[in-house]
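Encoded as structure tokens, the structure appears first; notes follow it.
In my numbering, the protein residues as written are -12 to 60.
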């Protein structure tokens, strides 16, 4: 049998490999919340931390995710 050349990503002790995953998952969750609230004509920016001053939906969600990630140890 041939040796496998696939590399597996090993998580670093400081959690740096986990950061992009947390961002993508958080962005998806906050985007779904914002889209549903936008369709129901609700004021969703006050619900998400950091999104209060943003003008667009994507910028508000991005700000909320960065604020959320800053609380993760």
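Backbone N, C-alpha and C fix where the C-beta goes; we use that ideal spot for every residue, glycine too.
Practice item. Report the rounded CA-to-CA distance for residue 30 versus residue 15, giving the unit in angstroms. Key: As a position in the chain shown, residue 30 is number 43, starting the count at 1. As a position in the chain shown, residue 15 is number 28, starting the count at 1. Rounded to the nearest angstrom, the two C-alpha atoms are 19 angstroms apart.
Check your understanding: Which residue from 40, 60, 57 and 32 puts its Cα closest to that of residue 18?
Key -> Taking the first residue of the chain shown as 1, we reach residue 18 at position 31. Nearest option by C-alpha distance: 32.
**Study point:** Of the residues 21, 28 and 25, the one placed nearest residue 36, counting alpha carbons only
**Key:** Translated into the one-based positions of the chain shown, residue 36 becomes position 49. Minimum Cα distance to residue 36 is reached at 21.
Review point. By Cβ distance below 7 angstroms, which residues in the same chain neighbour residue 54 in space, the five residues on each side in sequence not counted?
Key: As a position in the chain shown, residue 54 is number 67, starting the count at 1. The residues are 36 and 37.
Point to revise | C-alpha gap between residue 56 and residue 9, whole angstroms | key: In the chain shown, counting from the first residue as 1, residue 56 sits at position 69. In the chain shown, counting from the first residue as 1, residue 9 sits at position 22. The straight-line gap from Cα to Cα measures roughly 8 angstroms.
Exercise for review: With a threshold of 16 other CB atoms inside 10 Å of the CB of residue 50, please say whether the residue is buried or exposed.
Suggested key: Taking the first residue of the chain shown as position 1, residue 50 is located at position 63. Buried, because 16 or more other Cβ atoms sit within 10 Å of the Cβ of residue 50.
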